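Residues 0 to 176 (numbering that gives the first Met the number 0) make up the sequence shown, in order. Shown next, in structure tokens, is the structure this report addresses.
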Amino acid sequence: MPTFIFSWRLIDYMGTIFYVYLGQDDPKKSTMKKLERYGLAIQIPLNKIYNKLYLTPYSDSFLINSHRKLFEEKGLVVVDGSWNRINTIENLKGKNGKKLPLLLPVNPVNYGKPGKLSSLEALAAALYIMGYSELAENVISKYSWAQNFIKTNIEPLNDYMKCTCDSDCIRVQGYYF
Numbered sequence: 000m001p002t003f004i005f006s007w008r009l010i011d012y013m014g015t016i017f018y019v020y021l022g023q024d025d026p027k028k029s030t031m032k033k034l035e036r037y038g039l040a041i042q043i044p045l046n047k048i049y050n051k052l053y054l055t056p057y058s059d060s061f062l063i064n065s066h067r068k069l070f071e072e073k074g075l076v077v078v079d080g081s082w083n084r085i086n087t088i089e090n091l092k093g094k095n096g097k098k099l100p101l102l103l104p105v106n107p108v109n110y111g112k113p114g115k116l117s118s119l120e121a122l123a124a125a126l127y128i129m130g131y132s133e134l135a136e137n138v139i140s141k142y143s144w145a146q147n148f149i150k151t152n153i154e155p156l157n158d159y160m161k162c163t164c165d166s167d168c169i170r171v172q173g174y175y176f
């Protein structure tokens, strides 16, 4: 697969954003499918995540800023599915699964429920934590309802970006939540 480089190139960006679509929700409401139409994400099958950095709430370790190197080399995978059926990815196999620390969603379905981010919010949070704040802002700008996600979470996002290990994330998360 060729390396994917954004045409607008806001920053020196070489990582690829991938997503796995589980088909658990209305495809017209899939945030990742819309990002694909904008040329910002590439859909891949579930069995192609093995060596890539991927987001899962079932990981034992948090995503931190130093994971940006892995993102740049292997890409980042977001799983696009339903929170009501999250257990379908409980046994997801890969070597680079990371969870996000708690943040407040602004999506219409799970508004204000800590941690229940949409795929778009999870992607934006991951990019921001890894130091790609401009890219996170650009991704989130594709949805009118998402405009306040970063504003709502700016303080924890900035603090999570400074974390160097899981215990730092736990400490910061405890401070805000």
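By construction, the Cβ of each residue, glycine as well, lies at the ideal position given by its N, Cα and C atoms. These numbers come from a predicted model, not from an experiment.
In DSSP terms, what residue i is bridged to
i, result
"phenylalanine 61", "Lys98"
"valine 78", "Val19"
Simplified DSSP assignment, three categories, for residue i
i, result
"glutamine 172", "helix"
"tyrosine 159", "helix"
"aspartate 165", "helix"
"tyrosine 127", "helix"
"leucine 54", "strand"
"isoleucine 48", "coil"
Residue i versus residue j: straight-line alpha-carbon distance, rounded
i, j, result
"asparagine 137", "asparagine 50", "26 Å"
"tyrosine 142", "glutamate 120", "10 Å"
"aspartate 79", "isoleucine 16", "12 Å"
"proline 148", "proline 113", "Here residue 148 is phenylalanine; the residue named in the question, proline, does not match the sequence. Roughly 12 Å between the two C-alpha positions."
"leucine 54", "valine 77", "6 Å"
"leucine 116", "lysine 32", "16 Å"
"aspartate 165", "glutamate 35", "31 Å"
For residue j and residue i, believed in contact at Cβ under 8 Å, the rounded distance
i, j, result
"asparagine 152", "leucine 102", "5 Å"
Original post:
Hey, is the stretch 27-47 in contact with the stretch 60-72, meaning 3+ C-beta pairs nearer than 8 Å?
Top reply: no
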